[in-house]
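Residue numbers (our numbering): 8 to 221. C-beta atoms are modelled at their ideal positions from N, C-alpha and C, and glycine is treated no differently. This one's a predicted model, so the numbers in the text were calculated from it and none came from an experiment. I have placed the structure first, in the form of structure tokens, so that the comments after it can refer back to it.
The structure is reproduced here in structure tokens:
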């Protein structure tokens, strides 16, 4: 029998939040175990309930969705995160990916996409709303300009190349560390060295480069 995924829903608009919960619970594979109206409450419930997934509004009082994601990431909590947002902005999108967020859905299409997102994330995949596909196009165009200015791959050690290949798969440092049986700090150090050797700055630039040079 398929295991039911336990879900937390956090949004500061009660009517919208209840609508999300009703939509989620129509699917037998999911059960909502908690709900929150602000980020602090959401984080406390994630700590207490350890849901499989948390659906977080980006804009919430007390603590926004990205700050909740940052705390979850820092505390290595096992809950996978999905961000809901009204914003089609590369800053928020990139920040969410850096924090290990698995799903990113634009609110104006959430009714059609939320269940698909939950299924994808439950199966270990990423889900990005098609409404922000223009952000991915921007990534690819920028990434295409990076290799010409970067030093050759020969400067990377075998360990660094291994890390780079995992980065290209959109894996977080924590996921890479678990897969390679090393510490998260070791992975972060490798990422820093790779960026230095390739002349690029920031985790997003590293992800762009890795995806463009699989």
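Collapsing the DSSP output to three states places residue 10 in coil. A straight line joining the alpha-carbon of residue 172 with that of residue 33 spans about 38 angstroms. A straight-line Cα-Cα distance of about 8 angstroms links residue 116 and residue 138.
Within the same chain, Cβ atoms closer than 6 angstroms to the Cβ of residue 110 are found at 89, 124, 128 and 134, the five residues on either side in sequence being excluded.
Listed as beta-bridge partners of residue 92 by DSSP are 113. Contact annotation: residue 58 and residue 91 have beta-carbon atoms that are not nearer than 7 angstroms. For the pair residue 56 and residue 77, the CB atoms are not nearer than the 7 angstroms cut-off. For residue 163, no beta strand (DSSP E) segment is defined, and its DSSP state is neither H nor E. Nearest Cα to residue 187 within the set 168, 199, 203 and 202: 168. The C-beta of residue 198 has 16 or more other C-beta atoms within 10 Å across all chains shown, which makes the residue buried.
When rounded, the separation of the alpha-carbon atoms in residue 67 and residue 164 is 43 angstroms.
With respect to the 7 angstroms criterion, residue 108 and residue 136 are not classified as neighbours on the basis of their beta carbons.
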